[in-house]
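A.B. asks:
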Ligand SMILES: [Fe+2]
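In our numbering, the protein residues as written are 616 to 738.
#1: Considering Cα atoms alone, identify which of 685, 711, 731 and 716 is closest to residue 663.
#2: Could you tell me if residue 657 is buried or exposed, where buried requires 16 or more neighbouring beta carbons within 10 angstroms of its beta carbon?
#3: What residue range is occupied by the uninterrupted beta strand (DSSP E) comprising residue 621?
#4: Determine, using beta carbons only, whether residue 633 and residue 690 come nearer to each other than 7 Å.
#5: Which residue from 687, 725, 723 and 714 puts its Cα closest to that of residue 732?
#6: Measure the C-alpha to C-alpha separation of residue 695 and residue 722 and round it to an integer number of angstroms.
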């Protein structure tokens with residue numbers, strides 16, 4: 616549940632909220648499952664960092680802030696719990712972090728999407 620698929624041809628992305636048995640296709644071919652990476656490689660850091668703040672939870676992308684340039688940036692940050700999914704979309708020039716009014720103890724999973732390096736999670 617809440618798996619992400621993408622089209623290798625046009626870049627369309629689909630979030631699955633309820634898995635069925637069919638195969639999703641786009642541009643005439645099956646869509647590709649986006650795997651969630653957890654281990655950073657190279658100089659850019661993607662693994663989400665979760666911090667407790669007075670108003671809830673702060674999610675930062677990378678121990679070192681991720682670039683937020685037009686050709687390389689964080690597109691969104693997701694925070695999931697047992698009964699919620701919150702998504703903050705970002706754009707080039709934004710700070711690669713977001714605050715959520717959620718008790719950190721309720722957070723079960725955090726994911727981010729980099730337009731150049733893909734999907735990353737912290738469980
Ligand atoms: Fe990246």
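Glycine included, C-beta positions come from ideal geometry on N, C-alpha and C. Note that the structure is a prediction, hence the values are computed from the model and not measured.
C.D. replies: Here's the rundown:
#1: If we check each option's Cα against that of residue 663, 711 comes out closest.
#2: exposed
#3: For residue 621, the enclosing beta strand (DSSP E) has its first and last residue at 618–621.
#4: Taking C-beta atoms as the reference points, residue 633 and residue 690 fail to come closer than 7 Å.
#5: It is 687.
#6: 6 Å
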